[in-house]
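Trainee:
Chains as they are written, first to last, in the numbering used here: chain P, 2 to 376; chain D, 2 to 376.
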């Protein structure tokens, strides 16, 4: 299992297939100096990505083979967003490369940093005339191509949206966007590109909480497909960016109902696709233990909230016909009444940094096993 | 637990906080007709999202209250991407709204469809002069504001990147981007916006496969942070867009090693943050059972591949110091040698459509429990 690295091996031609289908000839064609590689396009249809995650360690144990001046020094990834931080103490060797603007006729040096995978990240901060940007980009790409640079990224704040078209005209495609910026990407070598895919999943949580009177915490929502139908459901919500599942489940319950609770286990999860904007969804069924009992309903989202006898909850026609709710009830009742083990989290550290993450596993079984294990 | 619906309740001001910090006054300010609501900006710092997923049902059981002409007919979401398909047979009522271009002086009617949440989706397909687009957008927004339309989306193919700046100047922000298009969003009412968050997670898999000689399938990779270090690791990979976890694990093993395998269980998973581009990562540890044994190494990504005695694998110094690998070994050996139950998938159906998804749970415990359960 390789460490998280942005050096992928993607078997497809450098210009994404969908993009090449969409672009008019002027934009779809590689610059003249790169047209030799156009024969690779037929492989795009059988694209297979092999970007492999696994270990959470950064930075790399050793730099990748430098393929150009300054290559192999920075990785693209977690440090990328929030580019001002990149010139901080950890990246003093990089800082000098930022903000260097040498005017030379109609060409300015673009602010960029090298990444650890033989690529560069252009981080535009200040406005620039689109024509100057275009000329500067052309010059930079020509230089980087000679130097053997691989991936080129452009991070454009929304305030500099007028620079998108010049970048697209040079062959860049969109990689991802957040509210305040667009990230574009390009691949210089005459090889298949090895850039990582964009995020593919949204993560949701549902909370099963039962008090000692066998009442479950149930809500009716003001919006959504069950609006106005009188259906009682478990508190659910979407994980915030950067939030842990166990934290998100407790937060959602508190927000919707005012109930304090502690996380116990992930009892099950569901993966579904095309949930929104063609993206997928992972929904984690969480068992929580109540720490308070007085309900304070959130008025903006929640129509009603109560501690509801579990039999009454289960008897709803909606629950009877809905497989997901049926299974949530089954695993939850198995957990509180029988010997059902879900996954509980422990904090683990990366081998390479002090970064922590949560590892969810069947701890009951593992503890039993280790009691007599020879491993 | 509400069905997937794009009608969120997000407690924050309509202009995203990060965006308002970034934008120059001209862009950050709401249009004059909307400035009354600017006092809501202080709530943005304590933004809480409450977009609630859960049941996979579409379409809504009944349309949301229509707030404008044609409102309540389409949902934003899975059907959104690939807009040409929207005018297909399933959406004949919508088709008539597309492609209507009435020239009226310097203003054209923009091609749009209504969504099921009282909003509209502008789907630009053909080039338009940016000045005409700007005037047309202004006119459309004024009309929609009067009609009580809520969210407004603009889907812009990469070929129409010259229309991004006019949209941003009207107050639109970036919602997400894929290779070939950018989606912008805007919120018309004088309320906090209720638009869904972008995808937050990438999903990876690691495969533990052992043959009956207690040898595990192990690879050395040609790239990544372990490159050239002689470290043997489990096959890993990233889930493709729209791919099931169990399918992705089998695919990755086949691609890297040529070994056919069948999926058994998810033994554990890890959630980590800021894994790439500030996004989070869910990594699922999968137990697979080999169906073939002759290795055919993938040359482009894999340096070496072998069936390796598990003790030898575990003895690697790298494994010893890496908590994630240590736990993967622990749960996997507990599984093959002891009584460790992971999560196995069953196919479940939505209550609202025939759409299937996979529900992963501790089936061993559930089967035991249901044997004597009164539920």
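Yeah, the Cβ is synthetic: ideal placement off N, Cα and C, and Gly gets one too. Values in this document were obtained by computation on a predicted structure and should not be read as measured data.
Please report the distance separating the alpha-carbon of residue 268 (chain D) from that of residue 257 (chain D).
Mentor: So the alpha carbons of these two residues sit roughly 21 Å apart.
Trainee: Can we say the segment 343-350 of chain P touches the segment 358-367 of chain P, given the rule of at least three CB pairs closer than 8 Å?
Mentor: At 8 Å Cβ cutoff, the stretches touch.
Trainee: Quick one: is residue 61 (chain D) near chain P, going by C-beta distance under 8 Å?
Mentor: Low confidence applies to residue 61 (chain D): its pLDDT is 28, below 50, so where it sits in the model is not reliable, and the reading given next is rough at best. It does; some Cβ of chain P falls within 8 Å.
Trainee: Determine whether the Cβ of residue 362 (chain D) lies closer than 8 Å to any Cβ atom of chain P.
Mentor: Yes, residue 362 (chain D) counts as interfacial toward chain P.
Trainee: Here's the rule I'm using: 16 or more other beta-carbon atoms within 10 Å means buried, otherwise exposed. How should residue 242 (chain P) be labelled?
Mentor: Answer is buried; the Cβ neighbour count reaches 16.
Trainee: Is there a Cβ from chain D that is less than 8 Å from the Cβ of residue 123 (chain P)?
Mentor: No, no contact with chain D.
Trainee: Classify residue 374 (chain P) as buried or exposed, calling it buried when 16 or more other Cβ atoms lie within 10 Å of its own Cβ.
Mentor: Caution is warranted here: a pLDDT of 44 is assigned to residue 374 (chain P), below 50, making its placement in the model unreliable, and the coordinate value is therefore given only provisionally. Residue 374 (chain P) comes out exposed.
Trainee: For residue 281 (chain P), which residues from the same chain have a beta carbon less than 6 Å from its beta carbon, with the 5 sequence-adjacent residues on both sides left out?
Mentor: The residues are 201, 202 and 274.
Trainee: Looking only at its chain, what residues have a beta carbon closer than 7 Å to the beta carbon of residue 292 (chain D), apart from the 5 residues adjacent to it on each side?
Mentor: Excluding positions up to five away in sequence, the list reads 261, 262 and 263.
Trainee: Any contact between the segment 217-231 of chain P and the segment 296-307 of chain P? By contact I mean 3 or more CB pairs, one from each, below 8 Å.
Mentor: Touching, per the Cβ criterion.
Trainee: Any contact of the segment 311-318 of chain P with the segment 222-230 of chain P, i.e. 3+ C-beta pairs under 8 Å?
Mentor: Contact fails: fewer than three Cβ-Cβ distances are below 8 Å.
Trainee: Examine the Cβ distances between the segment 118-138 of chain D and the segment 148-160 of chain D and report whether three or more of them are shorter than 8 Å.
Mentor: Cβ pair count under 8 Å is three or more, so yes.
Trainee: Taking the C-alpha atoms as reference points, what is the distance between residue 312 (chain D) and residue 236 (chain P)?
Mentor: Rounded to whole angstroms, residue 312 (chain D) to residue 236 (chain P) spans 45 Å at the Cα level.
Trainee: Any idea which residues DSSP pairs residue 280 (chain P) with across the strands?
Mentor: DSSP lists P:277 as partners of residue 280 (chain P).
Trainee: Between which two residues does the beta strand (DSSP E) holding residue 156 (chain D) run?
Mentor: It spans 152-158 - the beta strand (DSSP E) in which residue 156 (chain D) sits, taken as one unbroken run.
Trainee: Counting along the chain, where does the beta strand (DSSP E) carrying residue 145 (chain P) start and finish?
Mentor: That residue, residue 145 (chain P), is in no beta strand (DSSP E); its alpha helix (DSSP H) goes 131-148.
Trainee: From the beta carbon of residue 198 (chain D), is the nearest beta carbon of chain P less than 8 Å away?
Mentor: Judged by the 8 Å Cβ criterion, residue 198 (chain D) is in contact with chain P.
Trainee: Can you give the beta carbon distance from residue 207 (chain P) to residue 303 (chain P), rounded, assuming they're within the 8 Å contact cut?
Mentor: About 15 Å separates the two Cβ atoms, so there is no contact after all.
Trainee: Report the rounded CA-to-CA distance for residue 152 (chain P) versus residue 276 (chain D), giving the unit in angstroms.
Mentor: Cα-Cα distance, rounded: 18 Å.
Trainee: Which chain P residues sit within Cβ distance under 9 Å of residue 274 (chain D)?
Mentor: The contacting residues are 79, 242, 243, 244, 245, 356 and 358.
Trainee: Could you name the residues of chain P that residue 174 (chain D) contacts, counting a contact when the two beta carbons are closer than 7 Å?
Mentor: Near residue 174 (chain D) (Cβ distances below 7 Å), the residues of chain P are 159 and 180.
Trainee: Any chance the CB of residue 223 (chain P) is under 7 Å from a heavy atom of the ligand ADP?
Mentor: Annotation note on the ligand ADP: not contained in the displayed structure, which lists no ligands.
Trainee: Interface residues of chain P around residue 155 (chain D) at Cβ under 7 Å?
Mentor: Within 7 Å Cβ-Cβ: nothing; residue 155 (chain D) doesn't reach chain P, min ~12 Å.
Trainee: DSSP three-state call for residue 237 (chain D): helix, strand or coil?
Mentor: Three-state DSSP puts residue 237 (chain D) in a strand.
Trainee: Just by C-beta distance, which residues in the segment 199-223 of chain P are closer than 8 Å to chain D?
Mentor: Cβ contacts with chain D come from 199, 200, 201, 202, 203, 204, 205, 207, 222 and 223.
Trainee: Can you tell me whether DSSP reads residue 208 (chain P) as helix, strand or coil?
Mentor: Residue state, collapsed to three classes: strand.
Trainee: Pick out whichever of P:171, P:192 and P:179 has its Cα sitting closest to the Cα of residue 186 (chain P).
Mentor: Comparing Cα positions, the closest option is P:171.
Trainee: Name, in chain order, the residues that DSSP records as bridge partners for residue 303 (chain P).
Mentor: Answer is P:222.
Trainee: Could you pull the start and end residues of the alpha helix (DSSP H) that residue 246 (chain P) belongs to?
Mentor: Note, residue 246 (chain P): alpha helix (DSSP H), 246-258.
Trainee: Comparing C-alpha positions only, which one of D:337, D:146, D:296 and D:353 sits nearest to residue 371 (chain P)?
Mentor: Measuring from the Cα of residue 371 (chain P), the nearest candidate turns out to be D:337.
Trainee: So residue 116 (chain P) contacts chain D; which residues on that side make the cut at Cβ distance below 7 Å?
Mentor: Under the 7 Å cutoff, chain D gives no residues; its nearest Cβ is about 12 Å from residue 116 (chain P).
Trainee: What is the rounded straight-line gap between the Cα of residue 144 (chain D) and the Cα of residue 108 (chain D)?
Mentor: Cα to Cα, residue 144 (chain D) sits roughly 13 Å from residue 108 (chain D).
Trainee: Report yes or no: is there a C-beta of chain D within less than 8 Å of the C-beta of residue 294 (chain P)?
Mentor: Not one chain D Cβ lies under 8 Å of residue 294 (chain P).
Trainee: Who does residue 263 (chain D) pair with in a DSSP beta bridge?
Mentor: Note: residue 263 (chain D) sits in a beta bridge opposite D:290.
Trainee: What three-state label does DSSP hand residue 110 (chain D) in the structure shown?
Mentor: It is coil, neither helix nor strand.
Trainee: Nearest by alpha-carbon distance to residue 233 (chain D): which of D:239, D:240 and D:223 is it?
Mentor: It is D:223 whose Cα lies nearest to the Cα of residue 233 (chain D).
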